[in-house]
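Colleague: Residue numbers (mature numbering (1 follows the signal peptide of the UniProt record, and there is no 0)): -19 to -1, 1 to 138.
Every residue gets a Cβ at the ideal spot worked out from N, C-alpha and C, and that includes glycine.
Just so it is clear, the structure is predicted and the values come from calculations on it, not from any experiment.
Below are the structure tokens for one structure; questions will follow.
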């Protein structure tokens, strides 16, 4: 039994060490995570107004936007184009990942929006995931208060 348990642990570690974004197409109609539709989706600009009226409290939302960046390490986060700087979208509990092919695609993100302060360490981690240069990573010196979404599902439209 100990041998079996040790094998399971080693397999889990090996899978996590070699984690990469899935190499699947990001074609129209493809869903990553929980199934969702485009019904009642709002724009990123509308989301800012909704969050302001809710005083930044957690709010269930469905937004429509264009992906500008995908986490190159695992596909565990994306950024959506916004007039105020790109909107960070994290995949809920790392339960699903998205492919690099999602970059530039228009998507519907179904999830929970909230205002958060992202630490310097976390911002540097995201920069590393995005393969930013050492200089760009070292330039991150301050935490950032930002609107983020924890996605349950992502639909390519």
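#1: Since residue 109 is in the beta strand (DSSP E), which residue starts that stretch and which ends it?
#2: What are the start and end residues of the alpha helix (DSSP H) that includes residue 31?
#3: Under a three-way DSSP split, which group does residue 40 fall into?
#4: For residue 91, is the classification buried or exposed, using 16 other Cβ atoms within 10 angstroms of its Cβ as the cut-off for buried?
#5: May I have the straight-line CA-CA distance separating residue 40 from residue 127, to the nearest angstrom?
#6: Do residue 105 and residue 129 have their beta-carbon atoms positioned less than 7 Å apart in this structure?
#7: Between residue 82 and residue 26, which are expected to be in contact by the criterion C-beta below 8 Å, what is the C-beta distance as a whole number of angstroms?
#8: Tell me whether the beta-carbon of residue 78 lies closer than 7 Å to the beta-carbon of residue 2.
#9: Pull the bridge partners of residue 56 from the DSSP assignment, please.
#10: Name the one or two DSSP bridge partners that residue 129 has.
#11: Which two residues bound the contiguous beta strand (DSSP E) that contains residue 14?
#12: Tell me which same chain residues have a C-beta within less than 7 Å of the C-beta of residue 21, skipping the five on either side of it?
#13: For residue 89, does the count of other Cβ atoms within 10 angstroms reach 16, so buried, or fall short, so exposed?
#14: Residues in its own chain within less than 6 Å of residue 49 by CB, not counting five upstream and five downstream?
#15: Restricting to Cα atoms, I'd like to know which of 18, 52, 46 and 102 is closest to residue 24.
Modeller: Straight from the coordinates:
#1: First-last for residue 109: 101 to 110, but that is the alpha helix (DSSP H), not the beta strand (DSSP E).
#2: 25 to 34
#3: strand
#4: buried
#5: 14 Å
#6: no
#7: Their Cβ separation, rounded to whole angstroms, is 26 Å, which puts residue 82 and residue 26 out of contact at 8 Å.
#8: yes
#9: DSSP output for residue 56 lists no bridge partner at all.
#10: 69 and 95
#11: 12 to 14
#12: 43
#13: buried
#14: 60, 62 and 67
#15: 46
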